[in-house]
Every structure is written in C-alpha cells, then in structure tokens.
Amino acid sequence: MPKVSTIAIDGPAASGKTVVGRLLSSQLGFQFLDTGLMYRAVTLVAIQQSTPLSNDAALTTLAAKTQIAITDTPDGARVLVNNHDVTGSLRDPEVEAAVSRISAVAGVRTALVAKQREMAAAGSIVMAGRDIGTVVLADADIKVYLEASAEERAKRRGLEKSGTDDKESVGAVQKDLEARDKQDSQRASSPLRPADDAHIIQTDGLSIEQVVAKIAQLVAARS
Ligand code: DC
C-alpha cells in the first residue's frame, strides 16, 4: 500500500475543516494549509486597493501578483501579504461579504490553485478548502468531506465569534452561512461538492477529536 502524503479536507463554511485539519496535521507531522485564507487575503487586498469587485481581469491580475505567505501553528495561522501581517483583518465583515464573489472568479482560482499546488509539492500536507479533493489535489491519497447541519455550524461559528449561542445571534450567523454556501456551491468554477471518491463524515454531535480519529483511521488503513 502507498504511504499517505496528501490529505484533502473539503466542506461548507464552519464545518470544522480548519480545526480538524490543524489537529490532524500536527498528529501526523504534516504541514497544514487552510486555503480559505488565501481567498480572504486576495479579497482584503482588492478592498484596500479599491479594485472593482465586478472587474474579473483586474482581480485575476491582483491574485497572480499578490505574495501570500502562510505560517501555520497549533494556535492558528499567520498570514503575510506582500510582507505585511494581515492576520487580524481576514475575518472583517467587509472581507466576509466579498470573499464568495471574488472566489467565484475563474482567473483568481487559477492563480491561487497554482500557489496551493506549489505548497503541496514541498512535502506531506493536509489541505482544507472547497475544491481540494475535486481540483487542487484531485489525486490526493485521502479525501474527506465534512458535513454538518446549518444549525450546528451556526452554533459553532457563533460561539467562536462572539462566545454566545443564543437563538438570535445563531439565527443571524446561520443566514450568512447559508447565503455563502449557496454562492460557493452554485458557482460555475470549481463549485463546492464532494469528490466522487471522498469519505463523507457527518460531524453533528461529534467532537473535533472524534472527527480527527475517524480520519486517522483512514490514514492507518492506507499506510
Ligand atoms: O473556509 P473559509 O470560510 O475561510 O473560505 C472563505 C471563502 O473562500 C469561501 O466563501 C469560499 C472560498 N474558498 C474557495 O472558494 N475555495 C477554497 N479552496 C477555499 C475557500
């Protein structure tokens, strides 16, 4: 059996890809890349430079020439864009509102997918996103698609963002997540969907450790 060196984790917003991927990668000694940060980084630069969100050609050029360096640690990722630390701005509401539009631009995706493949070539990797199993690492050794109900995802994101899971704030977060999922799964270019050979894991009611353990079993079975 071949040894596992590439693991793709896809799924909708707040399905746990990042926390699961980060813990799994530290257990395996692999690098970890949360590709959503790259789409957020390009979105932030587009906003800062007032690039019109309707100008696909300008956004494509911007994505190709923006230098993005991501260092992942067990405590989180640090993101440098053109040598400036932008980590604290990537979840700003303006970025949140525009990132689905920008990530639907085919040229932006082509530029970022090339950078993601370069990072994968550097060694064993766990990569999280929307199109990792279908496009970026279509020949990944293990592909996982994390599912969770919109309500559970909204609860997790609400707790993470504001420390509360009261009904009103969870309802608002759920609406945002559902709007973003719709845009991400209905776009023409690399829509969010499980790869045909992905292992689908329904995570409602499971802890992070339980999800990681399920993936670790898949790794052990292949190694
Ligand atoms: O995972 P996230 O919420 O940080 O991702 C932000 C946005 O980036 C999300 O709306 C979809 C997009 N994205 C994508 O299109 N492809 C990826 N591989 C990762 C993220």
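Note that the numbering used here numbers the sequence shown so that position 121 is 244, with each residue one more than the last. We put the CB at the ideal spot given by N, CA and C, even for glycine.
Here Ser-226 really is in contact with Tyr-162; their C-beta atoms are around 4 Å apart, less than 8 Å.
Here the alpha carbons of Ile-193 and Ala-243 stand approximately 13 Å from one another. Within the DSSP bridge table, the entry for Lys-266 names Ala-131 as partners. Only exposed fits Glu-274, as fewer than 16 other CB atoms lie within 10 angstroms of its CB. At a Cβ-Cβ threshold of 7 Å, Asp-133 and Tyr-268 count as neighbours. Within 6 Å of the C-beta of Tyr-162 there is at least one heavy atom belonging to the ligand DC. Taking Pro-314 as reference, the option from Lys-305, Asp-320, Ala-321, Ala-251 with the minimal CA-CA separation is Lys-305.
The shortest CA-to-CA distance from Ala-302 to any of Ser-148, Leu-151, Ala-220 is the one to Ala-220. Between the C-alpha atoms of Thr-166 and Leu-160 there is a straight-line separation of about 10 Å. The ligand DC has a heavy atom closer than 6 Å to the beta-carbon of Val-222. At a threshold of 6 Å, Gly-144 does not count as near the ligand DC, since its beta carbon sits no closer than that to any of the ligand's heavy atoms.
Contact between Leu-341 and Ile-265 holds, with the beta-carbon distance rounding to 5 Å and staying under 8 Å. In this structure, the straight-line span from the alpha carbon of Gln-190 to that of Asp-307 is close to 24 Å.
Inclusion of Ser-226 in the 6 Å shell around the ligand DC follows from its C-beta lying nearer than that to a non-hydrogen atom of the ligand. When the alpha-carbon of Ile-248 is set against those of Ser-148, Gly-139, Val-142, Pro-135, the nearest one is in Ser-148. By the neighbour-count criterion, in which 16 or more other beta carbons inside 10 Å mark a residue as buried, Gly-252 falls on the buried side. Listed as beta-bridge partners of Val-202 by DSSP are Ile-193. Taking a 10 Å sphere around the C-beta of Arg-345, we find fewer than 16 other C-beta atoms and assign the residue as exposed. For Asp-179, the secondary structure class from DSSP, reduced to helix, strand or coil, is helix. Distances taken from the Cβ of Arg-303 to the heavy atoms of the ligand DC include one shorter than 6 Å. Assigned with DSSP and collapsed to three states, Gln-340 falls in helix. In this model, Val-236 and Arg-310 are separated by some 16 Å (Cα to Cα).
Placement of the Cβ of Thr-158 at a distance of less than 6 Å from at least one heavy atom of the ligand DC is found. The closest heavy atom of the ligand DC lies 6 Å or more from the beta carbon of Asp-299.
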